[in-house]
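J.: Residue numbers (our numbering): 269 to 560.
1. Take every Cβ of the stretch 491-500, pair it with every Cβ of the stretch 454-465, and state whether three or more of those distances are shorter than 8 angstroms.
2. Taking the alpha carbon of residue 392 as the point to measure from, which residue in 312, 287 and 527 has its own alpha carbon closest?
3. Between which two residues does the alpha helix (DSSP H) carrying residue 349 extend?
4. Apart from the five residues just before and just after residue 451, which ones in its own chain have a Cβ nearer than 7 angstroms to its Cβ?
5. Determine, using beta carbons only, whether residue 357 and residue 336 come nearer to each other than 9 angstroms.
6. Between which two residues does the alpha helix (DSSP H) harbouring residue 404 extend?
7. I'd like the list of long-range same chain contacts for residue 462, defined as Cβ closer than 7 angstroms, with 5 residues on each side in sequence excluded.
8. Between which two residues does the beta strand (DSSP E) harbouring residue 511 extend?
9. Which of helix, strand or coil does DSSP assign to residue 549?
10. If I measure Cβ to Cβ from residue 366 and keep anything under 8 angstroms in the same chain, skipping five residues before and after, which residues do I get?
11. Taking the straight line between their C-alpha atoms, what separation do you get for residue 524 and residue 274?
12. Pick out whichever of 431, 346, 344 and 329 has its Cα sitting closest to the Cα of residue 338.
13. Near residue 279, what residues of its chain come up, given a Cβ to Cβ distance below 6 angstroms and the 5 sequence neighbours on each side ignored?
14. How would you write the range of the beta strand (DSSP E) that residue 256 sits in, first residue to last?
15. Alpha carbon to alpha carbon, how far is residue 346 from residue 512?
16. Please report the straight-line C-alpha distance between residue 537 and residue 506, rounded to a whole angstrom.
17. Going by DSSP, name the residue or residues bridged to residue 417.
18. Go ahead and pull the three-state DSSP assignment for residue 535.
19. Mind checking residue 466: buried by the 16 CB within 10 Å criterion, or exposed?
20. Classify residue 437 as helix, strand or coil using the three-state DSSP reduction.
21. Given a cut-off of 9 angstroms, decide if residue 535 and residue 504 are closer than it, judged by their beta-carbon atoms.
22. Residues in the same chain with beta-carbon distance under 6 angstroms from residue 412, minus the five sequence neighbours each way, listed in chain order, please.
23. Taking only three categories from DSSP, how would you classify residue 491?
24. Give the DSSP-derived three-state secondary structure of residue 311 in the structure shown.
25. Can the beta-carbon of residue 361 be found closer than 9 angstroms to that of residue 314?
26. Which residues in the same chain as residue 434 place their Cβ atom closer than 8 angstroms to its Cβ, once the five residues preceding and following it in sequence are excluded?
27. Kindly list the residues whose CB is nearer than 7 angstroms to the CB of residue 351, restricted to its own chain and excluding five residues on each side of it in sequence; keep chain order.
28. If we count the other Cβ atoms within 10 Å of its Cβ and call it buried at 16 or more, is residue 333 buried or exposed?
29. Within its chain, find whatever has a CB closer than 7 angstroms to the CB of residue 543; leave out the 5 residues flanking it on each side and keep chain order.
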């Protein structure tokens, strides 16, 4: 059993505020051009999932605050795969559209992997297209748009462990497409030794014992417990689980560790801000402007 310590609460909100200021600065610069330029973002819905609808409306409110035009293309839960593909191809070809988000989960019977093949990788602000994921896996991040949740995790790790992550050992629990798999490559690209686990990994305590940090993103509340962790470790909880009227992560709260992200308030706020930073990057790629 890990000894009792008081972990540092690793909030994503200060970092999110910093990223948002950078996004606003880019938007102000574009709005001052002659003629003024305003990016246009489109969210594509093809489901009746109530949580997705709430999430999209939250995105619309945030976009308005930032000065980004966000339109919702609601194809409805009855949309066919061909109709979804046609809508994504149309948006990808439209020069007036600068960012595309395909809201997941899709309605039953629709294939998200097939649909993402029809999204231009330079408009893929969520970094989910095979082209962007392949660039990450190939170590060519400078040419890609990176998925914002793994970026958020890497930002938070650097906040505690320092900008130079080389040589550190990090376990990633959850090999999912949106977080775990791209994150493993993104950490490896920074010289991190990565151990990729899942919810079925045996003897998890022994596997994690020598890790500097543990990232959990499975969608299983309480998966990471006190007996699994060590006092020196940093815990990044990217899990989202709705329970009653609230949301909890995949790790138990207040683990006896060096630092831990809360849920909510940890990875989430920074992920949202980084998605809009991805939009700025996408616009620069499309306009041929220098990209950091």
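By construction, the Cβ of each residue, glycine as well, lies at the ideal position given by its N, Cα and C atoms.
T.: Reading it off the structure:
1. Result no; under three Cβ-Cβ pairs closer than 8 angstroms.
2. If you compare the alpha carbons of 312, 287 and 527 with that of residue 392, the shortest gap goes to 312.
3. Annotation: the continuous alpha helix (DSSP H) that includes residue 349 extends over 349-361.
4. These residues qualify, in order along the chain: 418, 421, 440 and 483.
5. Between residue 357 and residue 336, the CB-CB gap reaches or exceeds 9 angstroms.
6. Note, residue 404: alpha helix (DSSP H), 398-405.
7. By the criterion of a C-beta distance shorter than 7 angstroms, residue 462 is surrounded in its chain by 438, 440, 452, 455 and 456, once the five residues flanking it on both sides are discounted.
8. Where residue 511 is concerned, the enclosing beta strand (DSSP E) stretches over 509-511.
9. Here residue 549 sits in helix by DSSP.
10. Closer than 8 angstroms at the Cβ level, and outside the excluded window around residue 366, lie 307, 308, 309, 391, 547, 550, 551 and 554.
11. Across the structure, residue 524 and residue 274 are spaced so that their CA atoms are roughly 6 angstroms apart.
12. That would be 329, whose Cα lies nearest to the Cα of residue 338.
13. For residue 279, where only same-chain residues beyond five positions count, the Cβ hits under 6 angstroms are 533.
14. The chain is shown only over 269 to 560; residue 256 falls outside these bounds and no answer can be derived.
15. When rounded, the distance between both Cα atoms is 29 angstroms.
16. Residue 537 and residue 506 have their alpha carbons spaced roughly 11 angstroms apart.
17. Answer is none; residue 417 lacks a bridge partner.
18. In the structure shown, residue 535 sits in a helix (DSSP, three-state: H, G or I).
19. That one is exposed.
20. Three-state result, residue 437: strand.
21. Yes, the pair counts as a contact, with Cβ atoms nearer than the cut-off.
22. Hits under 6 angstroms: 400, 403 and 404.
23. Note: residue 491 maps to coil in three-state DSSP.
24. In this structure, DSSP gives residue 311 an extended state, which the three-state scheme calls strand.
25. It is not a contact, given that the beta carbons lie outside the stated cut-off.
26. Within the same chain, residue 434 has close Cβ partners 458, 459 and 460.
27. A distance below 7 angstroms between beta-carbons, with the five flanking residues on each side excluded, links residue 351 to the following residues of its chain, in chain order: 343.
28. Residue 333 should be labelled exposed.
29. Cβ within range, chain order: 393, 394 and 416.
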